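Quick note on UniProt numbering: the sequence shown kicks off at 1 and runs consecutively. In what follows, a single structure is set out as structure tokens and then discussed.
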Amino acid sequence: MKIEISADKRTLQGKGASRRLRGSGKVPAIIYGGDQEAQSIEMDHNDLYHKLKLEAFHASVLTLAVAGKKEPVLLRDIQMHPYKQQVLHVDFQRVDKNKKIHMKVPLHFINAEVAPGVKTSGGIVSHILTEVDISCLPDDLPEFISVDLAELTAGHTLHLSDLVMPKGVETVALSKGENLPVATIVIPRSVLSEEAGAEGSGAEKK
């Protein structure tokens with residue numbers, strides 16, 4: 001998904017200027033990185049707020065247009081109001097398409113309903129990780145990583161090394177020798193109690 005967002009240059013600085021900006025329906029923001037100086041910008045609050053609801057907005061190379069000039073960026077930080085539905089500030093980082101980036105992307109779990117540990121054993125999938133830190137070139141950045149649970153049995157755990165990564169993408173943890181657990185199947189106590197009861201009844205009949 002290609003996402004483009006617009007912004008204007010911001011000239012006034014300081015807390016007072018930022019408060020006035022927010023009062024007019026704008027959000028103060030900054031672009032940094034690359035071989036350019038950091039640039040202060042302002043964005044339409046409602047447009048930004050709705051785009052922040054998109055999962056891809058947090059894990060994609062975005063096209064940011066400032067006064068008509070477009071450049072690729074990553075969303076790096078968001079400051080939200082503690083109790084209002086209001087974005088207070090956002091940070092964007094410039095992207096060099098020839099340099100690898102580190103980014104956290106969400107995990108999408110599929111085929112949980114047919115996993116033997118769920119379908120046969122009555123277990124529940126426990127998601128140990130919901131996102132993963134990856135390294136890749138900007139053009140190779142995936143919106144998410146699929147985690148196939150079709151073969152997962154009760155008592156077994158899926159690790160990072162079990163994931164099928166897109167071409168050109170590697171997990172940061174694995175590159176450091178850390179094969180983190182991703183998901184496992186847990187058998188609820190109620191199911192275990194039923195099984196124990198059934199076994200006990202069978203033993204009594206004998």
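Backbone N, C-alpha and C fix where the C-beta goes; we use that ideal spot for every residue, glycine too. Everything numeric in this text was worked out from a predicted model, so none of it was measured.
Near residue i, what residues of its chain come up, given a Cβ to Cβ distance below 7 Å and the 5 sequence neighbours on each side ignored?
i: V73; result: I31, L62, L64, F92, Q93, R94 and V95
i: H102; result: D133, S135 and V172
i: G168; result: C136, L137 and D140
i: I187; result: S121, G122, G123 and A154
If you drop the 5 nearest sequence neighbours on each side, which residues of the same chain put their C-beta closer than 8 Å to that of residue i?
i: A203; result: Below a pLDDT of 50, predicted positions are generally treated as unreliable, and A203, at 47, falls in that range; no measurement from the model is reported.
i: G25; result: D44, H45 and N46
i: N170; result: Correcting the residue identity first, residue 170 is Glu in this sequence and not Asn. The residues are I134, S135 and C136.
Going by DSSP, what residues sit across from residue i in a beta bridge?
i: V38; result: Reading the sequence as shown, one finds Ala at residue 38 and not Val. Beta-bridge pairing links A38 to no other residue.
i: P28; result: E42
i: L107; result: I145
i: Q93; result: Y32 and L74
i: H127; result: A183
i: S135; result: H102 and E170
i: V87; result: M80
i: E4; result: T63
Return the CA-CA distance between residue i and residue j, expressed in angstroms with no decimal places.
i: V105; j: L129; result: 11 Å
i: K9; j: Q39; result: 8 Å
i: Y83; j: V66; result: 30 Å
i: M165; j: L137; result: 14 Å
i: M80; j: A17; result: 18 Å
i: H108; j: H50; result: 22 Å
i: H45; j: V87; result: 7 Å
i: N179; j: R189; result: 29 Å
i: I78; j: K97; result: 23 Å
i: I185; j: T157; result: 7 Å
i: A112; j: L54; result: 24 Å
i: D162; j: I41; result: 42 Å
i: K99; j: R76; result: 17 Å
Within the present structure, is the beta-carbon of residue i separated from the nearest heavy atom of the ligand COA by less than 6 Å?
i: S175; result: Inclusion of the ligand COA in the displayed structure is not the case, the ligand content being empty and no account of it being possible.
Beta strand (DSSP E) containing residue i: first to last residue?
i: V61; result: Neither: V61 is in no beta strand (DSSP E) and is coded neither H nor E.
i: V76; result: Note that residue 76 corresponds to Arg in the displayed sequence, not to Val. It spans K69 to M80 - the beta strand (DSSP E) in which R76 sits, taken as one unbroken run.
i: R10; result: Counting along the chain, R10 falls outside any beta strand (DSSP E), and DSSP gives it neither H nor E.
i: T157; result: T157 to H159
Give me, in chain order, the residues of the same chain whose beta-carbon lies closer than 6 Å to that of residue i; leave out the 5 immediate sequence neighbours on both sides.
i: G33; result: Q93 and R94
i: F144; result: V105, P106 and H108
So residue i is in the alpha helix (DSSP H); what residue range does that whole segment cover?
i: L174; result: V172 to S175
i: P116; result: P116 to K119
So, do the segment 85 to 93 and the segment 168 to 175 have three or more beta carbon pairs nearer to each other than 8 Å? no
Counting pairs of Cβ atoms below 8 Å between the segment 147 to 156 and the segment 108 to 123, do you hit three or more? yes
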